[in-house]
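Participant: This is the structure I have questions about; it appears just below.
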Amino acid sequence: MTTPKKALEPRKNPRQQRSRRTRERILAAAARVFAEHGYAAGTTDRIAEQAHLSIGSLYQYFGNKDAILLALAQEHLAESERVIDQALGADATLEDWLTALAEAVHTLHARNPRLHRVIFDEAPRPPDLLDRFHRVEMQAIERVADRLRTDPTVTVDDPELAARIVTATIESLTHRFVGHGRPEQMRRLIDEVVVMLTSYLATVSRPRRRSPGGRHGR
Numbered sequence: 001m002t003t004p005k006k007a008l009e010p011r012k013n014p015r016q017q018r019s020r021r022t023r024e025r026i027l028a029a030a031a032r033v034f035a036e037h038g039y040a041a042g043t044t045d046r047i048a049e050q051a052h053l054s055i056g057s058l059y060q061y062f063g064n065k066d067a068i069l070l071a072l073a074q075e076h077l078a079e080s081e082r083v084i085d086q087a088l089g090a091d092a093t094l095e096d097w098l099t100a101l102a103e104a105v106h107t108l109h110a111r112n113p114r115l116h117r118v119i120f121d122e123a124p125r126p127p128d129l130l131d132r133f134h135r136v137e138m139q140a141i142e143r144v145a146d147r148l149r150t151d152p153t154v155t156v157d158d159p160e161l162a163a164r165i166v167t168a169t170i171e172s173l174t175h176r177f178v179g180h181g182r183p184e185q186m187r188r189l190i191d192e193v194v195v196m197l198t199s200y201l202a203t204v205s206r207p208r209r210r211s212p213g214g215r216h217g218r
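Right, dumping it as structure tokens:
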């Protein structure tokens, strides 16, 4: 069952410092609870207990656990935008900015891999959040495509398609392996991903196109 949009909206917009600190306590407690217990067992009672608040105080800020998780997801996406912008903002070689991007995505996943999986794999995502996910993804793709268009060492014919491949490869492999290996293994994964993508982007060779009759065109 989809949670009504109004139920996901924060009940209280904290303007005073004390209220902001209370909201931050709730979100920090929720991050710990969801990471430890998962989405289904991450109840508001557990979150309130972890935050050392009464359940009534928690409900002054959030109407339910989905609203809390939505706030955590929005914070994660805002951080993703900042980190990716920083990784792609510097003037660097192809290998260096690919490394910076892969390291940035790894940092985002590794900060709290269990919570990341709750947000992206377990919890229901309302349409507004899916739209935000899509916007962040498209911004990252466009930033990568811009780098590919202006890099003289890049040989791909379609920078936008290549940018989609780059971002999907880094995101999917990082999501798959973070939390399942030792730090040195993750370092090796990043290095191997960069080697693979650098080879694809800078030395890609195109198969000959087939003619309508099935023969290779010239």
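Counting from 1, one number per residue, gives the positions in the sequence shown under the UniProt record's numbering. Each residue gets a CB set at the ideal place from its N, CA and C atoms; glycine is no exception.
What runs of the alpha helix (DSSP H), each 4 residues or longer, lie entirely inside the stretch 63 to 112?
Facilitator: Fully enclosed alpha helix (DSSP H) runs of 4 or longer: 65 to 89 and 94 to 110.
Participant: Could you tell me the alpha carbon to alpha carbon distance between Q50 and L115, rounded to whole angstroms?
Facilitator: When rounded, the distance between both Cα atoms is 16 Å.
Participant: Taking the alpha-carbon positions, what's the R206 to N112 distance?
Facilitator: With a pLDDT of 48 at R206, under the threshold of 50, the modelled position of that residue is not reliable, and no figure is offered here.
Participant: By Cβ distance, which residues of its chain are closer than 7 Å to Q17, with the 5 residues on each side in sequence left out?
Facilitator: For Q17, where only same-chain residues beyond five positions count, there are no Cβ hits under 7 Å.
Participant: Apply the 10 Å Cβ neighbour rule to P183 and answer buried if 16 or more other Cβ atoms are within range, or exposed otherwise.
Facilitator: Exposed, by the Cβ-count rule.
Participant: Given that a residue counts as buried once 16 or more other Cβ atoms are within 10 Å of its Cβ, and exposed if not, what is E103?
Facilitator: Result: buried.
Participant: Between the stretch 19 to 33 and the stretch 87 to 104, do at least 3 Cβ pairs fall closer than 8 Å?
Facilitator: The stretch 19 to 33, when compared against the stretch 87 to 104, does not touch it at the 8 Å Cβ threshold.
Participant: With distances taken Cα to Cα, identify the nearest neighbour of A87 among L70, H37 and V105.
Facilitator: For the residues L70, H37 and V105, the minimum Cα distance to A87 belongs to V105.
Participant: Taking the alpha carbon of A31 as the reference point, which residue from L94, P159, D66 and A162 has its own alpha carbon closest?
Facilitator: Closest by alpha carbon: D66.
Participant: Straight-line CA distance for A163 to D91?
Facilitator: Each residue's Cα considered, the two are about 18 Å apart.
Participant: State the Cα-Cα distance for the pair T198 and F177, rounded to the nearest angstrom.
Facilitator: Using only the alpha carbons, I get a separation of about 20 Å.
Participant: Within a Cβ cutoff of 6 Å, which residues of the same chain sit near E160, ignoring the five residues on either side of it in sequence?
Facilitator: Cβ neighbours of E160 beyond the five flanking positions: A145.
Participant: Leaving out five residues on either side along the sequence, give the residues of the same chain with a beta carbon under 6 Å from the beta carbon of A29.
Facilitator: Cβ neighbours of A29 beyond the five flanking positions: I47, Q50 and A51.
Participant: In the DSSP assignment, the alpha helix (DSSP H) including S172 goes from what residue to what residue?
Facilitator: Start and end: P159 to F177.
Participant: What is the DSSP secondary structure of L53, reduced to helix, strand or coil?
Facilitator: Coil.
Participant: Nearest-angstrom Cα distance between V193 and R82?
Facilitator: When rounded, the distance between both Cα atoms is 22 Å.
Participant: Label M138 either buried or exposed according to how many other C-beta atoms from any shown protein chain fall within 10 Å of its C-beta, with 16 as the threshold for buried.
Facilitator: The residue in question, M138, is exposed, as its Cβ has fewer than 16 Cβ neighbours within 10 Å.
Participant: To the nearest angstrom, how far is the alpha carbon of E79 from that of I190?
Facilitator: The straight-line gap from Cα to Cα measures roughly 20 Å.
Participant: Is the stretch 35 to 42 in contact with the stretch 115 to 125, if contact means three or more CB pairs nearer than 8 Å?
Facilitator: Verdict: yes, contact present.
Participant: Since D69 contacts I119 with CB under 8 Å, what's their CB separation in whole angstroms?
Facilitator: Correcting the residue type first, residue 69 is Leu in the shown sequence and not Asp. The Cβ separation is near 7 Å, so the contact holds.
Participant: Check whether the Cβ atoms of L77 and F133 sit closer than 9 Å, and answer yes or no.
Facilitator: Yes, Cβ-Cβ distance for L77 and F133 is below 9 Å.
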